[in-house]
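To start, the structure under review is shown below, and the notes come after it.
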Amino acid sequence: MGQLQLTKHPVFKGTIVLNLKIAASGAVENVDVKSSTTDYPEFDADIVKAVSSWMFPKSKAGGNVTIPFTFYVNE
2 MGQLQLTKHP VFKGTIVLNL KIAASGAVEN VDVKSSTTDY PEFDADIVKA
52 VSSWMFPKSK AGGNVTIPFT FYVNE
């Protein structure tokens with residue numbers, strides 16, 4: 002969460018569940034938000050952007066995975 006977001010929401014918690022489509026090369030081809038309890042679409046979009054650049058180990062076939070992430074920020 003960016004500094005501006007933390008200024009607006011100094012105490013934050015939520016879970017975002019992502020569906021990732023991973024190519025055989027290990028690159029993330031697509032990320033969809035399956036569910037989110039963050040109530041901050043801007044935060045969710047930043048997470049999708051970051052996860053889109055991840056690389057996984059190569060495999061013979063790509064696949065889909067669902068990953069839940071839980072975030073807590075307390076200042």
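With positions in the sequence shown counted from 1, the corresponding number in this note's numbering is that position plus 1. Glycine included, C-beta positions come from ideal geometry on N, C-alpha and C. Because the structure is a prediction, the values reported are computed rather than measured.
- Between G64 and I23, the gap from beta carbon to beta carbon is short of 9 Å.
- By the criterion of a C-beta distance shorter than 6 Å, T71 is surrounded in its chain by T16, once the five residues flanking it on both sides are discounted.
- The C-alpha of V66 lies about 26 Å from the C-alpha of F13.
- A check of alpha carbon separations from E30 across I68, V52 and T38 identifies V52 as the nearest.
- Within its own chain, the residues whose Cβ lies closer than 6 Å to the Cβ of D33, once the five positions on either side in sequence are excluded, are N20, listed in chain order.
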